[in-house]
Amino acid sequence: MNVKLCSAAAVLMAATACTPALAQGYSLLSGPTGYKAGDIMTHLSIIGVIPQNMDSHITGIPGARLGITTGVSPEVDASYFVTPNLSFQLIAATSRHTITAKGGALGNGATLGSTWVLPPTLTAQWHFPQIGVVRPYVGVGITVAFFYGTSPSSQLLGTSDKLGLRTAVGPSFEAGFDVPVQGNWSINVDVKQMILPTAARLDHGAIHAMTGLNPTVVGFGVGYKF
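In mature numbering (1 follows the signal peptide of the UniProt record, and there is no 0), the protein residues as written are -23 to -1, 1 to 203.
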């Protein structure tokens, strides 16, 4: 009996000792965030879309690589808070990019054309407790990138009259923070990393290219909470 009582007392003491640490760890994830369930946060931002062009190659031209240049555009997003910590965000933006190819027989490169990309993204966000005036968050979601308004370069029009890129689908990861400034207004800084493999075709499919765009999207804007 004494052994059982001692064992129970030891377990109770260990649980009591661990409780503050567990509570502190829990509060780091779900303490006061400055939001409540039902809130809607919107942002209007200027973003830089910086493709990484990973694992790029052009079929039939050894050493050649496909590239897509950086683009700048406005972005609008809206987040709905299911709880003070969990929200779901939808973003809308579109940016114009130049498509290039270089390396191998192409030497220093050639401009293949240009395209517009529309990448709607749905993200689940976790908002951490407010730190001073900063409201940090992270997120994970999915992006579908549609390419439109794609046209070949004028220097290629004599030999090619078609240029296209395949719709890309992939995961996205996000980190950022809001800083309240006055009333319901805030300043926002946000970084997203998207994983978007796509294929390009030129000259009615005679030239095929693959690239992992994997764009890094850096944004700075203003927010308003409804």
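Ideal placement from N, C-alpha and C gives every residue a C-beta, glycine not left out.
Query                                                                                                                                        : Result
Between Asp167 and Thr193, what straight-line distance do the alpha-carbon atoms span, to the nearest angstrom?                              : 11 Å
Per DSSP, which residues does Pro129 bridge with? Please list them.                                                                          : Gly90
State the DSSP-derived secondary structure class of Asp16, mapped to helix, strand or coil.                                                  : coil
Quick check: Arg143 and Thr175, are their CB atoms within less than 8 Å of each other?                                                       : yes
Taking the alpha carbon of Ala70 as the reference point, which residue from Leu63, Ala55 and Ile76 has its own alpha carbon closest?         : Ala55
Could you compute how far the alpha carbon of Ser163 sits from the alpha carbon of Thr60?                                                    : 20 Å
When we look at the beta-carbon of Val26 and count the other beta-carbons within 10 Å, is it buried (16 or more) or exposed?                 : buried
Is it buried or exposed for Gln1, if we count other Cβ within 10 angstroms and need 16 for buried?                                           : Interpretation of Gln1 is limited by its pLDDT of 47, a score under 50 that renders its predicted location unreliable; the figure taken from the coordinates is listed afterwards. Per the 10 Å Cβ criterion, exposed.
Here's the rule I'm using: 16 or more other beta-carbon atoms within 10 Å means buried, otherwise exposed. How should Ile45 be labelled?     : buried
Between which two residues does the beta strand (DSSP E) holding Arg42 run?                                                                  : Arg42 to Ile45
Which value, in whole angstroms, describes the spacing of the CA atoms of Ile17 and Gly198?                                                  : 16 Å
In the structure shown, what three-state DSSP assignment does Pro157 receive?                                                                : strand
Alpha carbon to alpha carbon, how far is His20 from Val111? Give it in angstroms, no decimals.                                               : 16 Å
State the Cα-Cα distance for the pair Ile172 and Leu95, rounded to the nearest angstrom.                                                     : 15 Å
When the Cα of Thr75 is compared with those of Thr127, Phe123 and Pro97, which residue comes out closest?                                    : Thr127
Grab the span of the beta strand (DSSP E) containing Gly48 for me, first residue to last.                                                    : Gly48 to Phe58
Got a sec: is the Cβ-Cβ distance from Lys139 to anything in chain C below 8 Å?                                                               : In the structure shown, chain C does not exist; there is a single protein chain.
Short check: CB of Val115 to CB of Ala152, under 8 Å?                                                                                        : yes
Going by beta-carbon coordinates alone, are Pro28 and Gly90 separated by less than 8 Å?                                                      : no
Of the choices Ala177, Phe123, Ala145 and Lys202, whose alpha-carbon is the least far from that of Asn165?                                   : Lys202
So, is Tyr125 buried or exposed, given that buried needs 16 or more other C-beta atoms within 10 angstroms?                                  : exposed
Assuming the contact rule is C-beta atoms closer than 8 Å, His104 and Ser64 should be a hit. Round their C-beta distance to whole Å, please. : 7 Å
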